[in-house]
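In the working numbering, the protein residues as written are 57 to 305.
In what follows, a structure is listed as structure tokens, so that the remarks can point back to it.
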Amino acid sequence: MPSTMRVPFDQALDLPPPFTPVGLRERSDAFTYALDIASQRGAGTLVHVGRFDLAEFAVVLEPDEPLRTARRAFYAGMIALSDAIVTCAPPGKLVTVEWPDAIRIDGGLIGGGRLGWPGTAKEDEHPQWLVFGAMIRAVLMSGEEPGAHPLASSLEQEGFGDVGATKLTEAFARHLMTACDVCQSDGFDSLAARLVQRLPRTPGVIYEIAENGDLLVRRKGDADAVRCELLPALNAPSWLDPDTEGPRL
């Protein structure tokens with residue numbers, strides 16, 4: 057991406073400490089920029105993009121555990137992202153996580169999260185940093201007739217009113233602090249239980265998160281569970297369209 061598309065600019069965000077905002081101009085890439093500056097800027101750096109059609113931001117984390125388990129911080133990010141949407145949502149809206157990384161409102165895809173880490177990091181060593189990135193569609197800009205993409209949605213279509221990128225980013229930061237506090241005080245199992253509550257309900261199916269972050273899917277009465285591995289899923293975000301570099305339609 058050309059460097060002219062990644063020039064920081066000043067945009068006020070009301071963030072709690074220890075977050076430090078870094079604003080980018082429209083059409084920039086918050087996730088890529090956060091990966092580039094993570095080692096210099098450190099934990100709490102929150103990169104955000106100034107645009108009206110997407111809420112796009114990424115935050116730098118510094119885990120204190122080996123990479124193989126540090127990736128579970130992704131779930132803290134997903135819980136914070138979904139909680140932020142819930143608190144801003146009109147009454148009656150169902151916000152769900154399509155494991156592991158997609159966010160839907162009443163079944164319509166609006167975006168999701170992704171995770172990055174140093175390419176040289178080893179599984180049994182502490183990574184210097186992680187980056188959780190998020191992208192939520194605020195306005196559907198396809199230019200097509202309403203209903204042309206029944207599996208996709210936006211905050212505007214779901215009746216979020218004046219909730220835009222700034223308000224959602226600020227809410228995410230507050231909920232991320234809460235999610236991290238829950239994990240530190242009550243352990244990962246408590247965080248995992250909150251994530252499971254966001255998964256779509258399927259009669260007779262039980263979901264669990266394994267110690268390494270994998271999803272275990274078991275039908276009632278069955279002793280064995282199907283294991284869905286987290287690492288391969290994180291390598292290719294399910295919600296991201298590689299051609300448009302935005303949420304899929």
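Quick reminder that beta carbons are idealized off the backbone N, C-alpha and C, glycines included.
Every value quoted in this text rests on a predicted model; they were computed, and no experiment measured them.
Does Val142 come out as helix, strand or coil in the three-state DSSP assignment? Taking the first residue of the sequence shown as 1, we reach residue 142 at position 86. Helix at Val142.
How is the beta strand (DSSP E) around Ala266 delimited, first residue to last? Here the question's residue 266 lines up with position 210 in the sequence shown. No beta strand (DSSP E) contains Ala266, which DSSP labels as neither H nor E.
Please classify Glu181 as buried or exposed, where buried requires at least 16 other C-beta atoms within 10 Å of its C-beta. Translated into the one-based positions of the sequence shown, residue 181 becomes position 125. Exposed, since its Cβ has fewer than 16 Cβ neighbours within 10 Å.
Stretch pair the segment 144-152 + the segment 101-110: three plus CB contacts closer than 8 Å: no
Please classify Asp139 as buried or exposed, where buried requires at least 16 neighbouring CB atoms within 10 angstroms. Residue numbering aside, residue 139 sits at position 83 when the sequence shown is read from its first letter. Label assigned to Asp139: buried.
Compare the Cα-Cα distances from Met197 to each of Ile93, Leu69, Leu211, Leu150 and report the closest residue. For the purposes of this step, residue 197 is taken as the residue at position 141 of the sequence shown. With distances taken between Cα atoms, Met197 lies closest to Leu211.
Opening and closing residue of the beta strand (DSSP E) in which Met191 lies: Locating residue 191 in the sequence shown gives position 135, counting from the first residue. That run of the beta strand (DSSP E) goes 186-193.
Quick one: Cα of Met2 to Cα of Gly133, how far? This structure gives no information on residue 2, because the portion of the chain shown stretches from 57 to 305.
For the candidate residues Val195, Gln184, Ile161, whose alpha-carbon lies nearest to that of Leu137? On the sequence shown, position 81 is the one that residue 137 refers to. The option with the nearest alpha carbon to Leu137 is Ile161.
Could you name the residues of the same chain whose beta carbon sits closer than 8 Å to that of Glu179, not counting the 5 residues immediately before and after it, in chain order? In the sequence shown, the residue the question calls residue 179 occupies position 123. Closer than 8 Å at Cβ, skipping near neighbours: Pro122, Leu123, Arg124.
In terms of residue numbering, what span does the alpha helix (DSSP H) encompassing Thr88 cover? In the sequence shown, residue 88 corresponds to position 32, counting from 1. Counting along the chain, the alpha helix (DSSP H) containing Thr88 begins and ends at 86-97.
Would DSSP call Arg283 helix, strand or coil? On the sequence shown, position 227 is the one that residue 283 refers to. Three-state DSSP puts Arg283 in a strand.
Nearest to Asp280 (by Cα), restricted to the options Leu272, Pro77, Leu247: Counting from 1 along the sequence shown, the entry for residue 280 is found at position 224. It is Leu272.
Extent of the continuous alpha helix (DSSP H) to which Ala226 belongs: Within the sequence shown, residue 226 is the residue found at index 170, counting from 1. The sequence as given places Glu at residue 226; Ala does not occur at that position. Taken as a continuous stretch (DSSP letters only), the alpha helix (DSSP H) holding Glu226 covers 221-242.
Would you report the Cα separation of Gly277 and Thr258, rounded to the nearest angstrom? On the sequence shown, residue 277 is found 221 positions in, with the first residue counted as 1. On the sequence shown, residue 258 is found 202 positions in, with the first residue counted as 1. One C-alpha to the other measures close to 15 Å.
According to DSSP, residues forming a beta bridge with Ala158: On the sequence shown, position 102 is the one that residue 158 refers to. Paired residues: Glu154, Gly168.
Per-residue burial, Ala194 [other beta carbons within 10 Å of its own, 16 or more giving buried]: Translated into the one-based positions of the sequence shown, residue 194 becomes position 138. Buried, because 16 or more other Cβ atoms sit within 10 Å of the Cβ of Ala194.
Can you list, in chain order, the residues of its chain with a C-beta nearer than 7 Å to that of Lys223? Leave out the 5 residues immediately preceding and following it. Looking up residue 223 in the sequence shown gives position 167. The residues are Cys144.
In terms of residue numbering, what span does the beta strand (DSSP E) encompassing Leu102 cover? For the purposes of this step, residue 102 is identified with residue 46 of the sequence shown, where counting begins at 1. Taken as a continuous stretch (DSSP letters only), the beta strand (DSSP E) holding Leu102 covers 101-105.
How do the segment 156-176 and the segment 66-86 stand: do at least 3 beta-carbon pairs fall below 8 Å, yes or no? no
In this structure, how does DSSP classify Arg254 when only helix, strand and coil are distinguished? Locating residue 254 in the sequence shown gives position 198, where the first residue counts as 1. Correct three-state label for Arg254: helix.
Taking the CB atoms as reference points, tell me whether Pro303 and Gly167 lie closer together than 8 Å. By 1-based counting over the sequence shown, the position of residue 303 is 247. By 1-based counting over the sequence shown, the position of residue 167 is 111. Yes; because the gap between Cβ atoms is below 8 Å, this pair is in contact.
Between Gly172 and chain D, is any beta-carbon pair separated by less than 8 Å? Although the question refers to chain D, the structure presented lacks it and comprises just one protein chain.
Along the chain, where does the beta strand (DSSP E) containing Ala114 start, and where does it finish? In the sequence shown, residue 114 corresponds to position 58, counting from 1. Run containing Ala114: 110-117, per the beta strand (DSSP E) assignment.
CB Gly269 to CB Arg127, shorter than 8 Å? Within the sequence shown, residue 269 is the residue found at index 213, counting from 1. Within the sequence shown, residue 127 is the residue found at index 71, counting from 1. Yes, the pair counts as a contact, with Cβ atoms nearer than the cut-off.
At which residues does the alpha helix (DSSP H) containing Thr125 begin and terminate? Indexing the sequence shown from 1 puts residue 125 at position 69. 123-126 is the extent of the alpha helix (DSSP H) around Thr125.
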